[in-house]
Structure formats: C-alpha cells, structure tokens
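Chains as they are written, first to last, in this note's numbering: chain A, 7 to 248; chain B, 23 to 367.
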C-alpha cells in the first residue's frame, strides 16, 4: 500500500469496520479495519481468543461478518452466493491448524484434492502435486496415509495442498506450530516465494521469535480489536522488485 | 471475479466425461468398500420391485388368455315350452334388433332333440315316441291309454354378443342378457361367458393391486435408497467438510452419491428381474394350470411360448432397470442435497 507501484496497488483483502458477534453473544471481532495488498505478507498475532481464527474464517467465508464491509478478492463476503463461495475458496490456499487431511487417502491424493475439485486434468495435476510435495520435502512419502506421518509432516502436507493450486491468497493458521525452527524457516521461505509472484499471505501465529525474525507486517489483535500494527518494511516490499 | 484472470481457468481442464468416469469409479469403490450393506440394500430394492412386477406379469398372462377367449362369449336363450316355430321366429327378430347382438342361431326343439340323441346315443325308435308338436293321449283299440310324451326341449337361441364402446365383451353380454330376459316368451337366459366376466374382474383387481403396490413400493424405495445415501454422506462427513473448505461446490460433492443412488436402483432392478425369472420358473406351471381351469389354454400357451417369453423378459428387464434407476436417482438427489447442506465447515 505504501509502495507506489506494482502489486501493492491492488487490494486483495479489505476489512472496513468489520465486526463479528457469534450467536451466543460473544464479540469475536470489533470494528476491524485493515487491508492486504496483492503480494503482501502479514502476520496476525495475539493471545488465543483474540480473534485470529475468526478473522481467517471471515476471509474464507466460513463465517459471515455481522457488521461492516469485508471484500476479499473482489467478493463482498456478506452477500456471496454458495456457488460463488465455492469458486472463492478455490482461489485461496488454506493451511489449517488441525491439518484437515483426509485420512483414507494417500498424501498424494490429499494434495491433489484441490486440483481435482477445480477439474484439472490428472496428468497435468501429477506434475503440480509432485512439485508441491517436493517443496515441502515429502515427495518420498506420497504413497503413505496421513496417519503414518508425524504432526510436522502432516502440517507440511497441508501446506503443499494449500499451494498446489497457485492460489491468489494463502491463509495459514499456526502453520509452523508443529515444526522445528529449521523447518519453520523453510516454510517461511516457501511462503516468501509465493509472495514474490503476487500471492497475498495472511498468517496467524503467536511464534514471536519467528515473527520478529522475519520482520513482516504484523497485525496484533486484542479482544477482537486491532491493538497494534507493526510495519518494519514497506508492505509488499519484495513485490516492488518487479 | 469474472473480470480478473483466474489462476485455474487458463489451465487445461479435464473433459467432463473423464471427470464423470472418475466419479463413477469412486462411487463403485464405495460400494465395494461395504459389500454387506450394499447387498442388503440391493436385496431390499430387488424384492420391493419384484412384487408389483410379478403381479403385473400375472395380470398380463391372464389378459392374454382372456383376449383369445373373448370371441366365444355367447348367450343361450330358452323360450317357453310350446312356442311354435313361427312365434319363435318373431321373437328372434325382436332380439336381433338389440344393439349388442352380433349373430343369432335358432335351434328348434326337434333339432335340439336330434342333437341330444346324437350325443346321448339314443335310438330313433325312442325318438319317434316323442311327438314333436303336441302332446297327445290317444285311445287304443283295447282301451288302454298309451302315453306319448311330448318333446320336453324348448326352442333355443344361441346369441353371440358384440362389444360396444368401452365395455368389454363380458360386460356387453351381461347387459344383452338382461335385455333379452325382458322379451316376451323368453323363459330363461344364461350367459355362457359369466365365468369370463369374473375372470376379467379378477384380472382388473390384480392390475389395480399391482398399480397400488407399485406406488407404495416406490415410496418405500425412495425412503430406503434415500436413507442409504444419507448414511453414505454422513460417513463421509469429514471429507465433505474438507472439500467444502477448499472450494468444492455442493454439486461436485453430490455427484458420487448420485451415482451411488443410480447404481443401487439399477442393481436392485436387475436383482428383481432375476428373482422374477426364478419365481416364474417355480410357479409358472401352477399359474398355467389355474388358467387352464378357465380354459385359457390358448392364452396360457401363448404367454409361455419361448419367443414371446424372451421378448417379454426383455421388456420386463428394461422396465425394472428404468424404474429402479429413476427411483435411485431421485432419492439420491433429494437425500444427498439435504445431507450435504448439513455438513457445513
């Protein structure tokens, strides 16, 4: 946004005074305003219950905002139709905290699922699935079932599935929660590659060491409000190279 | 979104046919994954389809026999005793004016007696002792009175009826008989085809029962297949939830379940057909004998002639597969839509 050229002119995610109140009366997000540009990386941090997960759910359309205006990839999220919602989600790669893998399908088939849903030719898909698995270092385990993998490996299968469809937005909920520092750094480097080709990333994490070490834009939530915004480098800095 | 270039739109898409083929294989593999449940469901569907199919087949066999017999529906009309041949002729002309009459044959008492003697093997002497015209009591020379019996047979008309309008021949014959009973000098009327009318009524009842049973079974099948589909969806709840999270539409998720419903329906239809062949093989002979009691030999032999039997078997198969497939598909569409909508992430 601060960069005057390149991807940063296009807003991929725009929160405009968005609030979310759950049916029980719990206020998860209040009056949240920020935007994420194309090719921009932002961490969302805060204590558990601060609203990180709710924020990601709103972007993915699992929940609808109860107030304000949320536009993601050109879609007004409070009015999106079920059909458009499915298309919307195909443009977003999501890394779930609890992996959300299918336990009766091989690692390969799990990663291939988004391509299958998009109706991609399986032969073309094969190359892509292999490439994604290679990037997370699991090519040798493509035939195994997720249950046979460690927590960290399952996490990486989830990451491979999130990136296989070359999404416009990557959402990640604690993607490095089960990974050792070395692997975490590798995953972050992988995310940076995507950022450099114009993918916007929103990563929820409370790994302060990781966040501080990378120096990306950081949104801190506190009881559903944006309490602090750190912006060490101009947003979309790496994208400005193009 | 449509104005922006899509990341996936530019990629080579798999043809819809290949996509369907893949879903088909997946649906089949799900059936294989639970062979016992699949078999039980198929059996339920097969038996549910079998019952109305059998009734319809019985009704068809009976109708075929009845059509062959209908031309024989005739009415016997007996006039009062002592009606002269001229009077009989006038009565016959009166009856011929009625609408339903196809033809009329007069049998005079003399002819009837001749026929009777022929069939009974009586000698001509005995016959000669009857005075066909009047009963007389003649006085012999000796004064003894000799009994000369009069012909005890009445003038008889054999009337054949003709179907008119929507009535079956049996119904036409019944109505004609009622009208003839009102004609003067007619003593009694008997409808030879009364049993035919009863058989026809029975056939009607069987057909109605088959129709009603088909309807009930259709409702039962929709419920049974729908329930199986709902359970299958629930078994895949996690997969559906994850698929939705990464952008699968409800239609895409439903597809393998629709195939599942179609397979169950068609498979059940096939099973019903095989069971029907077995049942007909077991009781077909008894049905034939039953029809033979009603002298429906013609229809009976026709119904079980090889060529026609094969053609009919083919029709039955098509009907059962079609009905099963259609019901399976409808049940799957309704059940999967609701069950999938319930699997929200």
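We put the CB at the ideal spot given by N, CA and C, even for glycine.
Rounded to whole angstroms, what's the CA-CA distance from residue i to residue j? Just pull it up for me.
i	j	result
residue 77 of chain B	residue 303 of chain B	15 angstroms
residue 141 of chain A	residue 151 of chain A	19 angstroms
residue 21 of chain A	residue 289 of chain B	53 angstroms
residue 23 of chain A	residue 39 of chain A	5 angstroms
residue 71 of chain A	residue 296 of chain B	58 angstroms
residue 281 of chain B	residue 250 of chain B	13 angstroms
residue 287 of chain B	residue 61 of chain B	12 angstroms
residue 108 of chain A	residue 118 of chain A	11 angstroms
residue 137 of chain B	residue 338 of chain B	49 angstroms
residue 217 of chain A	residue 131 of chain A	33 angstroms
residue 66 of chain B	residue 115 of chain A	35 angstroms
residue 123 of chain A	residue 52 of chain A	34 angstroms
residue 155 of chain A	residue 193 of chain A	18 angstroms
residue 293 of chain B	residue 40 of chain B	29 angstroms
residue 341 of chain B	residue 358 of chain B	25 angstroms
residue 222 of chain B	residue 107 of chain B	37 angstroms
residue 128 of chain A	residue 73 of chain A	42 angstroms
residue 58 of chain A	residue 126 of chain A	33 angstroms
residue 170 of chain A	residue 84 of chain A	28 angstroms
residue 117 of chain B	residue 177 of chain B	14 angstroms
residue 252 of chain B	residue 197 of chain B	56 angstroms
residue 219 of chain A	residue 162 of chain A	21 angstroms
residue 61 of chain A	residue 82 of chain A	15 angstroms
residue 160 of chain B	residue 126 of chain B	Bear in mind that a pLDDT of 46 at residue 160 of chain B, under 50, signals an unreliable position, so the model cannot answer this.
residue 234 of chain A	residue 225 of chain A	6 angstroms
Run through DSSP, which three-state label would residue i get?
i	result
residue 171 of chain A	coil
residue 119 of chain B	coil
residue 129 of chain A	helix
residue 100 of chain B	strand
residue 45 of chain A	coil
residue 161 of chain B	With a pLDDT of only 46 at residue 161 of chain B, under 50, the local geometry of the prediction cannot be trusted, and the value read off the model is given with reservation. Note: residue 161 of chain B maps to strand in three-state DSSP.
residue 27 of chain A	strand
residue 83 of chain A	coil
residue 183 of chain B	strand
residue 74 of chain A	strand
residue 249 of chain B	helix
residue 225 of chain A	strand
residue 98 of chain A	strand
residue 212 of chain B	strand
residue 50 of chain A	strand
residue 83 of chain B	helix
residue 127 of chain B	strand
residue 180 of chain A	coil
residue 270 of chain B	coil
residue 296 of chain B	helix
residue 33 of chain A	strand
Mark residue i as exposed unless 16 or more other C-beta atoms lie within 10 angstroms of its C-beta, in which case mark it buried.
i	result
residue 105 of chain A	buried
residue 94 of chain A	buried
residue 199 of chain A	exposed
residue 360 of chain B	exposed
residue 146 of chain A	exposed
residue 336 of chain B	exposed
residue 278 of chain B	buried
residue 351 of chain B	buried
residue 166 of chain B	At residue 166 of chain B the pLDDT is 48, less than 50, meaning the model places this residue with poor confidence; the figure from the coordinates comes in the next sentence. Label assigned to residue 166 of chain B: exposed.
residue 89 of chain A	exposed
residue 201 of chain A	buried
residue 28 of chain A	exposed
residue 311 of chain B	exposed
residue 195 of chain B	buried
residue 114 of chain B	buried
residue 276 of chain B	buried
Which chain E residues sit within Cβ distance under 9 angstroms of residue i?
i	result
residue 267 of chain B	Absence of chain E from the displayed structure is noted, the protein chains being A and B.
With respect to 8 angstroms, is the separation between the Cβ of residue i and the closest non-hydrogen atom of the ligand MN below this value?
i	result
residue 15 of chain A	The ligand MN is absent from the structure shown, which contains no ligand whatsoever.
- [ ] Decide yes or no for the touch test of the segment 206-219 of chain A against the segment 178-189 of chain A: beta carbon pairs closer than 8 angstroms, at least 3 of them.
- [x] Judged by Cβ distances under 8 angstroms, the segment 206-219 of chain A makes contact with the segment 178-189 of chain A, as three or more pairs qualify.
- [ ] Determine, using beta-carbon pairs with one atom in the segment 77-91 of chain A and one in the segment 226-235 of chain A, whether at least three such pairs fall under 8 angstroms.
- [x] Segments in contact, no.
Open item on the list: Taking 8 angstroms as the cut-off, does the segment 60-74 of chain B touch the segment 223-241 of chain B (at least 3 CB pairs, one atom from each stretch)?
Closed with: Contact between the segment 223-241 of chain B and the segment 60-74 of chain B is present, with at least three C-beta pairs closer than 8 angstroms.
TODO: Return the residues of the segment 97-111 of chain A that lie within a Cβ-Cβ distance of less than 9 angstroms from chain B, sorted by chain order.
DONE: Those would be 97, 98, 99, 100, 102, 106, 107, 108, 109, 110, 111, in chain order.
Task: contact_flag[the segment 159-179 of chain A, the segment 128-139 of chain A] where n(CB pairs < 8 angstroms) is 3 or more - done: Short answer: they touch.
Open item on the list: Please identify, using Cβ separations under 9 angstroms, the residues of the segment 68-92 of chain A that lie next to chain B, in order along the chain.
Closed with: The segment 68-92 of chain A vs chain B, Cβ under 9 angstroms: 68, 79, 80, 81, 88, 89, 90, 91, 92.
Task: chain A contacts from the segment 272-289 of chain B (Cβ-Cβ distance under 8 angstroms) - done: Taken in chain order, the members of the segment 272-289 of chain B whose beta-carbon sits within less than 8 angstroms of a beta-carbon on chain A are 272, 274.
- [ ] Give, in chain order, every residue of the segment 110-137 of chain A whose Cβ lies closer than 7 angstroms to some Cβ of chain B.
- [x] For the segment 110-137 of chain A, which is checked against every Cβ of chain B, the residues closer than 7 angstroms are 119, 120, 123, 124, 125, 126, 127, 128, 130.
TODO: Taking a Cβ distance cut-off of 9 angstroms, strictly less, list which residues of the segment 69-89 of chain B are near chain A, in chain order.
DONE: If the cut-off is 9 angstroms between Cβ atoms, the segment 69-89 of chain B has nothing near chain A.
Open item on the list: Does the segment 113-129 of chain B come into contact with the segment 260-270 of chain B, if we say contact requires no fewer than three beta-carbon pairs (one atom in each stretch) closer than 8 angstroms?
Closed with: Result no; under three Cβ-Cβ pairs closer than 8 angstroms.
- [ ] Could you say if the segment 203-210 of chain B and the segment 46-59 of chain B meet the contact criterion of at least three C-beta pairs nearer than 8 angstroms?
- [x] The segment 203-210 of chain B, when compared against the segment 46-59 of chain B, does not touch it at the 8 angstroms Cβ threshold.
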